[in-house]
Amino acid sequence: MKTFYVVGVFNDRECVWKYDCESEELCIANFELMGVDIIEIADAKHTHLCPYCSGIANGTDHDLLCDDCRSVFGHYFYSEL
């Protein structure tokens, strides 16, 4: 069993889920059955949720911001804000 972070739109709202599933393909199929439009999916083993916006951020340092927040704020770490 793997853990994935899924960013998607459900009922006109962008949401983030942490979801355990056998494979990425099965995870995608399950969310599509629920009516979720998937924006991004990532293996939680090498990613985390951005401490500012809850988007998917690469790396295991939980202080690290996602790409979007880094471009907006000009900083790499939440603790620098």
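Each residue of the sequence shown is one higher than the one before, starting from 9 at the first, in my numbering.
Cβ coordinates follow ideal geometry from the N, Cα and C atoms, glycine included.
In this text the structure is predicted, and so the values were computed from the model without any measurement.
Quick check on DSSP: helix, strand or coil for residue 23? strand
For residue 80, the three-state DSSP class (helix, strand or coil): helix
Checking 8 Å against the spacing of the C-beta atoms, do residue 51 and residue 16 come in under that value? no
Are the C-beta of residue 16 and some C-beta of chain E separated by less than 8 Å? Protein chains in the displayed structure number just one, and chain E is not present.
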